[in-house]
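Read the structure below first, then the notes.
Number of protein chains: 2
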Amino acid sequence: MYTIGQVSELFGLPISTLRYYDKEGLFPTIQRDSGIRKFGEKELEALRVIECLKKSGLEIKDIKQFMEWCVQGSETYPQRRKLFLHQKAAVEAEIERMNRVLDMLRFKCWYYEQAIRDGNEDRLSHLQPEKMPEDIRRAYEHAHSMDA
Amino acid sequence: MYTIGQVSELFGLPISTLRYYDKEGLFPTIQRDSGIRKFGEKELEALRVIECLKKSGLEIKDIKQFMEWCVQGSETYPQRRKLFLHQKAAVEAEIERMNRVLDMLRFKCWYYEQAIRDGNEDRLSHLQPEKMPEDIRRAYEHAHSMDA
DNA sequence: GCTTGACCTAAAGTCAGGTTTAGGTACTAT
DNA sequence: ATAGTACCTAAACCTGACTTTAGGTCAAGC
Numbered sequence: 017m018y019t020i021g022q023v024s025e026l027f028g029l030p031i032s033t034l035r036y037y038d039k040e041g042l043f044p045t046i047q048r049d050s051g052i053r054k055f056g057e058k059e060l061e062a063l064r065v066i067e068c069l070k071k072s073g074l075e076i077k078d079i080k081q082f083m084e085w086c087v088q089g090s091e092t093y094p095q096r097r098k099l100f101l102h103q104k105a106a107v108e109a110e111i112e113r114m115n116r117v118l119d120m121l122r123f124k125c126w127y128y129e130q131a132i133r134d135g136n137e138d139r140l141s142h143l144q145p146e147k148m149p150e151d152i153r154r155a156y157e158h159a160h161s162m163d164a
Numbered sequence: 017m018y019t020i021g022q023v024s025e026l027f028g029l030p031i032s033t034l035r036y037y038d039k040e041g042l043f044p045t046i047q048r049d050s051g052i053r054k055f056g057e058k059e060l061e062a063l064r065v066i067e068c069l070k071k072s073g074l075e076i077k078d079i080k081q082f083m084e085w086c087v088q089g090s091e092t093y094p095q096r097r098k099l100f101l102h103q104k105a106a107v108e109a110e111i112e113r114m115n116r117v118l119d120m121l122r123f124k125c126w127y128y129e130q131a132i133r134d135g136n137e138d139r140l141s142h143l144q145p146e147k148m149p150e151d152i153r154r155a156y157e158h159a160h161s162m163d164a
């Protein structure tokens with residue numbers, strides 16, 4: 017069992033955030049010892065799931081919903097599975113978008129390297145994709161394709 | 017040249033957002049025709065960069081800084097390059113974190129599939145990683161490794 | 001000539017996700 | 001016994017990124 021301060025250290029989260037999560041109902045079955053929260057393995061796993069679901073784009077109130085399903089037992093397995101499937105698809109899509117962003121950034125890094133060498137953007141501003149280096153051209157085209 | 021309404025359509029952004037961006041200084045050299053904004057190729061590229069930098073985690077005020085560098089000319093190429101290098105590293109790190117999140121979600125999807133089959137979590141709660149399917153075990157271990 | 005539609009501004013409002021403040025309890029070391 | 005430290009609550013506050021509101025200009029079509 018851990019105190020809130022220990023969990024704060026373990027996860028690198030401010031104590032105020034942990035209390036906020038508790039207030040929002042994210043640890044529905046947390047125990048207390050004369051008022052003081054006792055974080056067990058259940059709450060640590062909850063925190064791992066919270067960080068995961070948060071990064072997958074879920075809001076606190078929806079994470080709360082999930083935690084309530086966990087309390088309700090085996091009848092909510094299908095909902096919980098559906099939620100994870102849904103968030104998995106969302107993260108896969110997000111990673112695709114991030115890769116496109118990455119390609120734009122790669123292109124811009126190359127662009128300014130060239131601009132620094134040239135001292136101006138004259139050559140670059142007329143540059144056709146065909147004349148770019150292979151990898152840069154692919155990054156450029158991926159970043160500028162508007163098909164998603 | 018495009019009106020604000022046309023750009024809104026093109027980029028799928030609310031008109032209010034475009035006006036907000038302008039107010040925040042994200043189109044420092046936009047032209048106007050008796051008060052009405054005229055978006056040119058420069059502003060469209062600015063918008064692409066805005067979306068890119070926003071997703072890379074930059075705040076509006078830092079994007080404004082970048083746009084100001086663009087107005088200042090060739091002397092700011094090094095700053096601009098440095099910014100893109102920095103954001104590239106940030107996005108690479110973010111994608112790594114997202115892949116870890118994805119592995120957690122993969123594991124949870126598998127977990128609830130099993131729980132639905134079993135009707136309870138008894139077997140799962142004692143399951144050692146060694147006894148999981150290869151791919152799930154790898155996802156589980158990647159997701160639970162606390163080394164970043 | 002008057003309504004409709006697309007544009008404009010300044011200022012106030014909204015929302016999520018925390019953080020800070022103010023005030024209190026309880027154990028421990030000096 | 002008193003100072004320090006770790007915990008507690010309720011409620012106010014904060015931030016970024018928009019969005020909404022209220023009121024106005026201007027050209028086109030009926």
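Order-wise, the sequence lines are chains Y and H. Each residue of the first sequence is one higher than the one before, counting from 17 in my numbering. Each residue of the second sequence is one higher than the one before, counting from 17 in my numbering. Every residue gets a Cβ at the ideal spot worked out from N, C-alpha and C, and that includes glycine. Being a predicted model, the structure only gives us computed values, none of them experimental.
Any contact between the segment 95-104 of chain Y and the segment 115-134 of chain Y? By contact I mean 3 or more CB pairs, one from each, below 8 Å. no
For my contact list, Met83(Y) and Leu26(Y) are in at a C-beta cut-off of 8 Å; report their separation, rounded to the angstrom. Wrong, their Cβ atoms sit about 19 Å apart, outside the cutoff.
Outcome for Ala159(Y) when other beta-carbon atoms lying within 10 angstroms are tallied against a minimum of 16: buried
By a C-beta neighbour count over all protein chains shown, 10 Å radius and 16 as the cutoff for buried, is Lys71(H) buried or exposed? buried
What whole-angstrom Cβ distance do Arg96(H) and Tyr128(Y) have, given they're in contact under 8 Å? 5 Å
For Arg170(Y), tell me which candidate among Asp151(Y), Ser161(Y), Val107(Y), Cys86(Y) has the shortest Cα-Cα distance. Since the first residue shown for chain Y is 17 and the last is 164, residue 170(Y) is missing from the structure and cannot be characterised.
When you compare the segment 133-149 of chain Y with the segment 139-151 of chain H, are there three or more beta-carbon pairs, one atom per stretch, that lie closer than 8 Å? no
For Asp49(H): DSSP bridge partner residues: Ile52(H)
Are the Cβ atoms of Leu34(Y) and Ile20(Y) separated by less than 7 Å? yes
Hey, could you find the ends of the alpha helix (DSSP H) Gly21(H) is sitting in? 20-27
Out of Asp151(Y), Leu69(Y), Pro44(Y), state which residue places its alpha-carbon closest to the alpha-carbon of Gln88(Y). Pro44(Y)
Can you tell me which of the three DSSP states Asn115(Y) falls into? helix
Thinking C-alpha only, which one of Lys124(Y), Leu60(Y), Gly51(Y), Asp49(Y) is nearest Gly28(Y)? Leu60(Y)
Does the distance from the C-beta atom of Lys54(Y) to that of Met17(Y) stay below 7 Å? yes
Does the CB of Ile76(H) have a neighbour CB from chain Y at under 7 Å? no
Below-7 Å beta-carbon distance, Val87(H) vs any chain Y residue: no
Contacting residues, own chain, Cβ-Cβ under 7 Å from Ala62(H) (five flanking each side not counted): Leu42, Phe43, Met83
Return the residue from the list Tyr36(H), Ser90(H), Asp138(H) that minimises the CA-CA distance to Lys77(H). Tyr36(H)
Taking only beta-carbon atoms, is Ala131(H) less than 7 Å away from chain Y? yes
Using DSSP with H/G/I as helix, E/B as strand and the rest coil, what is Tyr72(H)? The question names Tyr, yet the displayed sequence has Ser at residue 72(H). Here Ser72(H) sits in coil by DSSP.
Assigned secondary structure, Ala164(H) (DSSP; H/G/I helix, E/B strand, else coil): For Ala164(H), the predicted structure reports a pLDDT of 45, less than 50, and the residue's modelled location is therefore unreliable. The matter cannot be settled from this model.
Interface residues of chain H facing Val23(Y) [CB-CB closer than 8 Å]: Per Cβ cutoff of 8 Å: no residues; Val23(Y) is ~13 Å from chain H at best.
Hey, out of Glu91(H), Glu137(H), Lys147(H), whose CA is closest to Ser90(Y)'s CA? Glu137(H)
Could you work out which residue in Trp126(Y), Asp134(Y), Ile132(Y) is closest to Asp151(Y) when comparing CA atoms only? Trp126(Y)
Do you know offhand how far Ala164(Y)'s Cα is from Ile132(Y)'s? Here the model assigns Ala164(Y) a pLDDT of 45, short of 50, so the residue's position is not dependable, and the following value carries that caveat. Whole-angstrom Cα-Cα distance: 33 Å.
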